[in-house]
Amino acid sequence: MTGDLTCRADVEALLRRFYGRALVDELLAEPFTEVREQGLESHLPVMCDFWETVLFGTGTYRGSAFRVHQRVRSQHPFGAAHFDRWLELWHRTVDEMYAGPHADRAKVQGAGIATSMNRRLSGLPSVAAEALRLGIPGPAPSA
Ligand code: HEM
Numbered sequence: 000m001t002g003d004l005t006c007r008a009d010v011e012a013l014l015r016r017f018y019g020r021a022l023v024d025e026l027l028a029e030p031f032t033e034v035r036e037q038g039l040e041s042h043l044p045v046m047c048d049f050w051e052t053v054l055f056g057t058g059t060y061r062g063s064a065f066r067v068h069q070r071v072r073s074q075h076p077f078g079a080a081h082f083d084r085w086l087e088l089w090h091r092t093v094d095e096m097y098a099g100p101h102a103d104r105a106k107v108q109g110a111g112i113a114t115s116m117n118r119r120l121s122g123l124p125s126v127a128a129e130a131l132r133l134g135i136p137g138p139a140p141s142a
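Residues in the sequence shown are numbered consecutively from 0, following numbering that gives the first Met the number 0.
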């Protein structure tokens, strides 16, 4: 039986398995060149900060993930197909290791952030802005 994600150590274990796959994935390996070259160990603490903040509200991540990806993308172009693969690997890895409200949240937030990041990077309006324009109920505003 699988337990839920409960602490930073759980997040780190999840990220290790996820990046173990993403860094050698046939589609993601290229845009992840920097992480592979600098080594996962230097990347992990900031990723743990990010996911701890998303899942447990620790507020330990204070960067701008969007700006970082904007810069990465200017050197290694990536788009919708890459985000789809990212999400597929993320969901698969979460499901293999954890089950419960935090695991669900990791998947929902992963999908939401990947979608909004891809739209912003491609210069498309946000899903919420598009819903407003069409006059249909959109996603709840994010914090
Ligand atoms: C195709 C999809 C993606 C690619 C190719 C990608 C690639 C990268 C790369 C190369 C870095 C390292 C940049 C650096 O340290 O200089 C990075 C950092 C990061 N990524 Fe991604 N990423 C993707 C999707 C995502 C998604 C969906 C999330 C969140 C749900 C995310 C969260 C982060 C965070 C928090 C950082 C650290 C930012 C910082 O240093 O402040 N990434 N990503």
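Idealized CB from N, CA, C, for every residue including glycine.
- [ ] Can you grab the Cα-Cα spacing for the pair residue 104 / residue 73, in whole Å?
- [x] Within the model, the alpha-carbon separation for residue 104 versus residue 73 is close to 30 angstroms.
Open item on the list: Among the candidates 75, 55, 16 and 44, whose CA atom is the shortest distance from the CA of residue 62?
Closed with: If you compare the alpha carbons of 75, 55, 16 and 44 with that of residue 62, the shortest gap goes to 44.
TODO: Return yes when at least one heavy atom of the ligand HEM lies under 8 angstroms from the C-beta of residue 32, else no.
DONE: At least one heavy atom of the ligand HEM lies closer than 8 angstroms to the C-beta of residue 32.
- [ ] Indicate the three-state DSSP secondary structure (helix, strand or coil) for residue 136 in the structure shown.
- [x] Look at residue 136 here: in three-state DSSP terms it is coil, with no helix or strand label.
Task: Nearest residue (CA-CA) to residue 94, options 85, 106, 84 and 83 - done: By alpha-carbon distance to residue 94, the top candidate from 85, 106, 84 and 83 is 106.
TODO: Might you give, ordered along the chain, the residues of its own chain that have their beta carbon closer than 8 angstroms to the beta carbon of residue 42, omitting 5 neighbours on each side?
DONE: Answer for residue 42: 18 and 34, listed in chain order.
Open item on the list: Below 8 angstroms, is the gap between the Cβ of residue 7 and the nearest heavy atom of the ligand HEM?
Closed with: The closest heavy atom of the ligand HEM lies 8 angstroms or more from the beta carbon of residue 7.
Task: Given 8 angstroms, three or more beta-carbon pairs between the stretch 3-20 and the stretch 80-92 - done: With a cut-off of 8 angstroms, the stretch 80-92 and the stretch 3-20 count as touching, because enough Cβ pairs lie within range.
- [ ] To the nearest angstrom, report how far apart residue 32 and residue 40 are at their CA atoms.
- [x] One C-alpha to the other measures close to 14 angstroms.
Open item on the list: Quick check on residue 83: buried or exposed, where buried means 16 or more other Cβ atoms within 10 Å of its Cβ?
Closed with: So residue 83 ends up on the exposed side.
Open item on the list: Mapping the DSSP letters down to three states, classify residue 92 as helix, strand or coil.
Closed with: Helix at residue 92.
TODO: Would you verify that the beta carbon of residue 51 is, or is not, closer than 9 angstroms to some beta carbon of chain C?
DONE: Note that chain C does not occur in the displayed structure, where there is just one protein chain.
- [ ] In angstroms with no decimal places, state the Cα-to-Cα distance between residue 71 and residue 77.
- [x] Distance between the alpha carbons of residue 71 and residue 77 is about 9 angstroms.
Task: Buried or exposed by the 16-neighbour rule on C-beta atoms within 10 Å, applied to residue 25 - done: Taking all protein chains shown into account, residue 25 has fewer than 16 neighbouring C-beta atoms within 10 Å of its C-beta and is therefore exposed.
- [ ] Quick one: using the 10 Å Cβ neighbour count with 16 as the cut-off for buried, is residue 10 buried or exposed?
- [x] Buried, by the Cβ-count rule.
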